[in-house]
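Counting from 591, one number per residue, gives the positions in the sequence shown under our numbering. The C-beta atom is built at its ideal place from N, Cα and C for all residues, glycine as well. Quantities reported herein were computed from a predicted structural model and do not represent experimental measurements. Here is the structure we will look at.
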Amino acid sequence: MAVGTRAARAWPVSLLLALVAVLAGPVVPAGAGQSTDGHGWTGTWATAPSEHYEVSGMSEVTVRMPVRTSVGGSRVRVRLSNAYAGDPVTIGHATVGLRGGGSTVERPYELRFGGKRQVTVPAGGQAVSDPVRFPLPARADLVVSLYLSGQVTHITDHWWAQQTVYWTDYGAGDHAADTGGDAFTWTTTSWPFLSGVDVTAPPAAAVVALGDSITDGSYSTADTNRRWPDLLSARLNACRPGAGVLNAGITSNRITAGSETNPSALDRLERDALSQPGARTLLLFEGINDLGGAGAEQIIAGMRTIADRAHQRGMRVVGATITPYKDFTWGGWTEEREARRQHVNAFVRDSGGVFDDYADFDRAVRDPADPQRLGPAYDSGDHLHPNDAGMRAFADSVDLTSLGLGRGCS
591 MAVGTRAARA WPVSLLLALV AVLAGPVVPA GAGQSTDGHG WTGTWATAPS
641 EHYEVSGMSE VTVRMPVRTS VGGSRVRVRL SNAYAGDPVT IGHATVGLRG
691 GGSTVERPYE LRFGGKRQVT VPAGGQAVSD PVRFPLPARA DLVVSLYLSG
741 QVTHITDHWW AQQTVYWTDY GAGDHAADTG GDAFTWTTTS WPFLSGVDVT
791 APPAAAVVAL GDSITDGSYS TADTNRRWPD LLSARLNACR PGAGVLNAGI
841 TSNRITAGSE TNPSALDRLE RDALSQPGAR TLLLFEGIND LGGAGAEQII
891 AGMRTIADRA HQRGMRVVGA TITPYKDFTW GGWTEEREAR RQHVNAFVRD
941 SGGVFDDYAD FDRAVRDPAD PQRLGPAYDS GDHLHPNDAG MRAFADSVDL
991 TSLGLGRGCS
């Protein structure tokens, strides 16, 4: 079943040629947990690399990427991924700053990498910027601007961002420090190279949402941060300001199988969840894409392995039930697969200690008149992906105490 199969882009060739941008710096482990002064790092925003492009003729361009923070802090660093590239990429200048509206930035703060303004991220590698003193609020619109000074041949990105990303024309030069947005003349909806933003704000902790297209926010309203992890972050921030929520959703992702640029949840668990700075709780919401090609026991076995690996790292694990999708527009639903879904959900609700707790997303959005269907009030129109109301129902259905983040949330 091809749940969340990518729709063809109606982008001009020039847009496809230009999905890029990146900070980059000294190659360090993505989950490096302590700054040099002993302050702990916590992720405030994250996304999972999920796509690869070859491009030609791209150089001297600047890209500006808005992201929504979850937890605030006094210092900021940016993490980058060149995971699927065949060549290194050079960043000539990078900045962060609060968004002023559209593609404008109130005050850009310059980023350095190993003390240098320019950095080259190797093919298949990662990079983390030096910390910059920057009072970053929680639930703020942060903008990461990257000037690509050299020739770009390959781009690693997260393609279904549900967020407008701003670009200059090729050859326009360095506009990373611009406060205005006039130089940014065209847009895409992907985050190239950017994989995470961290802050120092002890004591703090993060929840990682590991999922597929539903967690990715597919079919939620673009540019409004209505993915369910964003909405969960808003709930947490009201009672536990030090709690970050990191979105590790990838469209079409599965637990039991994957591909080079869309590895299975098992294969990407370390990269996208366990190594996230400050990660304390894993919320696993996967399995719907597995129903067409894997048996219920195979899916459950994958869930057990994920939970066991997270527990070995000292993390709390919350499982989520698989949501209904009868009459899904792209097909794939059968009585047999529905039986598998019910079997897996019964395990999630009573896992015998595999999960520390569970979130009943199935119950939150199913149609009471036909529980095999997504409720009409929550349906984006394809009978599988929830709309904004469905995203809200997910976030509201999570028992905040189940996340194990300490006092303050009930």
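Query raised in the report: In three-state DSSP terms, what is Ser-810?
Result: coil
Query raised in the report: Sorted by chain position, which residues of the same chain lie with C-beta nearer than 8 Å to Ala-713's C-beta, five sequence neighbours on each side aside?
Result: Asn-672, Ala-675, Gly-676, Asp-677, Pro-678 and His-744
Query raised in the report: When you compare each of Ile-681, Phe-937 and Thr-805 to Arg-982 by their alpha carbons, which one comes out closest?
Result: Thr-805
Query - Proximity to Asp-857 [Cα-Cα], best of Pro-725, Arg-844, Thr-991 and Ser-808 - result: Arg-844
Query raised in the report: Closest by CA to Phe-951, which one among Gly-943, Gln-932 and Gly-942?
Result: Gln-932
Query raised in the report: Quick one: what does DSSP say Gln-902 is sitting in, helix, strand or coil?
Result: helix
Query raised in the report: Are the CB atoms of Trp-776 and Trp-757 nearer to each other than 8 Å?
Result: yes
**Report entry** Residue burial classification, Arg-654 (beta-carbon count within 10 angstroms, cutoff 16)
**Finding:** buried
**Report entry** Residues sharing a beta bridge with Met-893, DSSP
**Finding:** Note: Met-893 sits in no beta bridge, so no partner.
Query raised in the report: Is it buried or exposed for Pro-639, if we count other Cβ within 10 angstroms and need 16 for buried?
Result: buried
**Report entry** Spatial distance of Ala-611 from Arg-939 (CA atoms)
**Finding:** Its pLDDT being 30, under 50, Ala-611 is placed unreliably in this model, and the value from its coordinates should be taken loosely. Cα to Cα, Ala-611 sits roughly 42 Å from Arg-939.
Query - DSSP beta-bridge partners of Trp-631 - result: Thr-790
Query raised in the report: How about Leu-726 and Gly-662: do their beta carbons lie closer than 8 Å?
Result: yes
Query - Whole-angstrom distance between Arg-658 and Ser-987, CA atom to CA atom - result: 22 Å
Query - Residues near Ser-780 in its chain [Cβ-Cβ closer than 8 Å; skip 5 each side] - result: Leu-609, Glu-641, Asp-747, His-748, Trp-749, Trp-750, Ala-751 and Val-755
Requested in this report: Between the Cα of His-683 and those of Ala-795, Gly-705 and Arg-830, spot the shortest distance and give me the residue it belongs to.
Outcome: Gly-705
Requested in this report: Check each candidate in His-901, Tyr-760 and Arg-930 and name the one with the smallest Cα separation from Thr-911.
Outcome: Arg-930
Report task. Quick one: give me the first and last residue of the beta strand (DSSP E) that Asp-731 is part of. Result -> 731-738
Query raised in the report: Thinking just about the alpha-carbon of each residue, which of Ala-773, Arg-669, Pro-914 and Tyr-760 is nearest to the one in Met-561?
Result: With the chain covering 591 to 1000 only, the question about residue 561 has no answer from this structure.
**Report entry** Inter-residue Cα distance where the pair is Ala-985 and Leu-822
**Finding:** 5 Å
Query raised in the report: Looking at Val-908 and Ser-992, is the spacing between their C-beta atoms short of 8 Å?
Result: yes
Report task. Run the CB neighbour count on Leu-613, radius 10 Å, all protein chains shown included, and call it buried at 16 or more, exposed below. Result -> Low per-residue confidence applies at Leu-613: pLDDT is 29, beneath 50, and the placement is therefore not dependable enough to give any value.
Requested in this report: Run through the segment 796-844 for me and flag every whole alpha helix (DSSP H) of 4 or more residues, listed as ranges in chain order.
Outcome: 803-806 and 818-829
Query - Where the beta strand (DSSP E) through Asp-747 begins and ends - result: 742-748
Query raised in the report: Which value, in whole angstroms, describes the spacing of the CA atoms of Gly-687 and Val-695?
Result: 6 Å
Report task. Buried or exposed for Gln-753, please, with buried defined as at least 16 other CB atoms from any protein chain shown within 10 angstroms of its CB. Result -> buried
Query raised in the report: To which residues of the same chain is Trp-818 closer than 6 Å at the C-beta, ignoring the five residues directly before and after it?
Result: Met-981, Phe-984 and Ala-985
Query raised in the report: Got a sec? Which residues, its chain only, sit under 6 Å from Asp-989 by beta carbon, not counting five neighbours each side?
Result: none
Query raised in the report: To which residues does DSSP link Trp-776 through a beta bridge?
Result: Trp-757
Query raised in the report: First and last residue of the beta strand (DSSP E) that includes Arg-702?
Result: Premise fails: Arg-702 is in no beta strand (DSSP E) and is neither H nor E.
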